[in-house]
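Written out below as structure tokens is the structure these notes cover.
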Amino acid sequence: MSSPRSSARLTRNRLARVGFFFIGVVMFYAPFALLVRLAGWLWPSSLAGTGISDVHTACVRMPLGWLTQPWMWPTLSDNPISWLPIVVLPGIALVAGPLFCGWMCPAGAFPEFLGRLVPDRFKFDLRTSVRIRPSRYGFFAGFLLAPFVSSSICCSFCNFTHMQNIVSLFAGDLSGFAFLSSMGMLAAAVWIVPLGILTKGGRGWCLTLCPAGAAMGLASGLGQRLPWFARVRANSDACTSCGTCVRECPMRAVEPVEEGVVIDQHLCTSCMDCVAGCPSDALRYGRP
Amino acid sequence: MTVERKAAMTSGQEAPMIAKRPSRVPGGSAATFACALAATGVAGLLSRVCPAGCATCSTCAVSVLPTAALVGSVGLAAVGSRLRRHGKPSPDASRKHAR
Numbered sequence: 192m193s194s195p196r197s198s199a200r201l202t203r204n205r206l207a208r209v210g211f212f213f214i215g216v217v218m219f220y221a222p223f224a225l226l227v228r229l230a231g232w233l234w235p236s237s238l239a240g241t242g243i244s245d246v247h248t249a250c251v252r253m254p255l256g257w258l259t260q261p262w263m264w265p266t267l268s269d270n271p272i273s274w275l276p277i278v279v280l281p282g283i284a285l286v287a288g289p290l291f292c293g294w295m296c297p298a299g300a301f302p303e304f305l306g307r308l309v310p311d312r313f314k315f316d317l318r319t320s321v322r323i324r325p326s327r328y329g330f331f332a333g334f335l336l337a338p339f340v341s342s343s344i345c346c347s348f349c350n351f352t353h354m355q356n357i358v359s360l361f362a363g364d365l366s367g368f369a370f371l372s373s374m375g376m377l378a379a380a381v382w383i384v385p386l387g388i389l390t391k392g393g394r395g396w397c398l399t400l401c402p403a404g405a406a407m408g409l410a411s412g413l414g415q416r417l418p419w420f421a422r423v424r425a426n427s428d429a430c431t432s433c434g435t436c437v438r439e440c441p442m443r444a445v446e447p448v449e450e451g452v453v454i455d456q457h458l459c460t461s462c463m464d465c466v467a468g469c470p471s472d473a474l475r476y477g478r479p
Numbered sequence: 006m007t008v009e010r011k012a013a014m015t016s017g018q019e020a021p022m023i024a025k026r027p028s029r030v031p032g033g034s035a036a037t038f039a040c041a042l043a044a045t046g047v048a049g050l051l052s053r054v055c056p057a058g059c060a061t062c063s064t065c066a067v068s069v070l071p072t073a074a075l076v077g078s079v080g081l082a083a084v085g086s087r088l089r090r091h092g093k094p095s096p097d098a099s100r101k102h103a104r
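Protein chains in written order, with the working numbering: chain A, 192 to 479; chain B, 6 to 104.
If you want it as structure tokens, here you go:
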């Protein structure tokens, strides 16, 4: 069971994450979109220089879909900000874990922290009903292949857009209300309710349907065995099998085994909730 | 192994989180992957219903189709995953959970 010291540490970690998620809002979302504005200043002839400063210009999913569409490669090469989800974020995930997902993605954080207001007895555990990793990569493969049978499907279920509308509403831009009256509301409802606040951890959408998360998870999983890359690691000798990390992990990445726990690095976002909440200090973030 | 854990094992009591872990069978992951991939393909095909040819704006009724298929992919993945409940546990799983 968790101790007062570990509980306080966990609370501090979550408050820090909330702070970073607000930084993510300021970086990616209108009316701030500082990252897009910076990219527009650096590369005025790119999409970021068109003056459309919102999350669409720094989209972290469309460029992934463009990888399998040769006719979009010129767009990729002309827009350096498109390399963010293809090179920068997976590169960070390879070296240090998917820190963007765990610390900066507002679309992932919103249902997670909203879900903390809902008692656990109303929630279901995605891990016990779905094999998360093959489901996630199956969807990702379909996401990459879909343009060959139709158009890209990435925007038809975009929770980043819904998050942009929520931020816009709070910023006083009421045009987001028009969006809420459309059928796109279905995707928003699924993102927030069954795969959000009613899923243990609140990250059901991230676990199954987010292509950016899958790309970073793949990079994180590939880099887990390389000795110089940092990940959340478990020390089975110190583990008391109290189950705190299993309960607190938003991504359901901590798997109990006979010797203690193992971390599924394909799912872990290095949010450090398990490290902070472990009463026996059996988890740490670092190199092997 | 810790003192508490050893004590729990010797007294015949399993740690609660370990006791709840389900068994797995080979093929369940492949079935789940295939279900998710197939449902996403259906979502892609359904997006062609859009008269504008894109179905990416999420503002018309057509966008409900690919979204529904995507949600269905999670449901189908759950169906694929159920293999682990009804099948015979793999030797690896039996070894891990033989307690």
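Quick reminder that beta carbons are idealized off the backbone N, C-alpha and C, glycines included.
Using 8 Å for Cβ pairs, my map puts residue i next to residue j. What's the rounded Cβ distance?
i, j, result
"A:A403", "A:M354", "Not confirmed; about 13 Å, so no contact."
"A:M376", "A:L280", "Actually they are not in contact, since the Cβ atoms of A:M376 and A:L280 sit about 28 Å apart, beyond 8 Å."
"B:T45", "A:A337", "6 Å"
"A:C440", "A:D464", "6 Å"
"A:G414", "A:V286", "7 Å"
"A:V381", "B:V76", "5 Å"
"A:F284", "A:S411", "Looking at the sequence shown, residue 284 of chain A is not Phe but Ala. Contact flag correct, Cβ pair sits at about 5 Å."
Given this structure, state the Cα-to-Cα distance separating residue i from residue j, to the nearest angstrom.
i, j, result
"A:Y476", "A:A207", "16 Å"
"A:T390", "A:K314", "5 Å"
"A:W419", "A:C462", "19 Å"
"A:L398", "A:R324", "8 Å"
"A:L400", "A:R327", "7 Å"
"A:L409", "A:S236", "32 Å"
"A:T259", "B:F38", "19 Å"
"A:V246", "A:F212", "14 Å"
"B:L42", "A:F348", "16 Å"
"A:A429", "A:V251", "38 Å"
"A:R322", "B:A36", "10 Å"
"A:A221", "A:L458", "29 Å"
"A:W274", "A:G256", "12 Å"
"A:V423", "A:G468", "13 Å"
"A:S359", "B:G33", "42 Å"
"A:F331", "A:A405", "6 Å"
"A:V445", "A:D364", "40 Å"
"A:I454", "A:F301", "24 Å"
"A:R200", "B:V47", "45 Å"
"A:G242", "A:R312", "47 Å"
Spatial neighbours of residue i within its chain, please: CB distance less than 6 Å, with the 5 preceding and 5 following residues excluded, ordered by chain position.
i, result
"A:T460", "P289, C292, G293 and M442"
"A:A230", "A239 and I272"
"A:R318", "R443"
"A:F334", "P402"
Is residue i near residue j, with beta carbons less than 7 Å apart?
i, j, result
"A:V340", "B:G80", "no"
"A:S427", "A:E450", "yes"
"A:T431", "A:S471", "yes"
"A:A425", "A:V466", "no"
"A:G306", "A:G215", "no"
For a contact defined as C-beta to C-beta under 9 Å, what are the partners of residue i on chain A?
i, result
"B:G77", "By Cβ distance, chain A contributes nothing, its closest Cβ being about 11 Å from B:G77, past 9 Å."
Please compile the residues from chain B whose C-beta is within a distance smaller than 7 Å of the C-beta of residue i.
i, result
"A:Y328", "F38"
"A:P271", "Correct list: empty, because the minimum Cβ distance to chain B is about 23 Å."
"A:V340", "G46, G49 and L50"
Between which residues of its own chain and residue i is the CB-CB distance below 8 Å, once the five residues before and five after are set aside?
i, result
"A:W234", "G240, N270, P271 and I272"
Taking C-beta pairs closer than 8 Å, name the residues in chain B that residue i reaches, listed in chain order.
i, result
"A:G333", "A41, L42, A43, A44, T45, G46, A48, G49 and S78"
"A:R252", "The premise fails here: A:R252 is roughly 11 Å from chain B at the closest Cβ pair, so nothing lies under 8 Å."
"A:P470", "Per Cβ cutoff of 8 Å: no residues; A:P470 is ~11 Å from chain B at best."
Kindly list, in the order they appear in chain B, the residues whose Cβ is closer than 9 Å to that of residue i.
i, result
"A:V217", "Within chain B, no residue comes near A:V217; the closest Cβ sits about 24 Å away, beyond 9 Å."
Which residues in the same chain as residue i place their Cβ atom closer than 7 Å to its Cβ, once the five residues preceding and following it in sequence are excluded?
i, result
"A:L226", "M218, F219 and A249"
"A:R394", "G299, E303, P441 and M442"
"A:P254", "L267, S273, P276 and I277"
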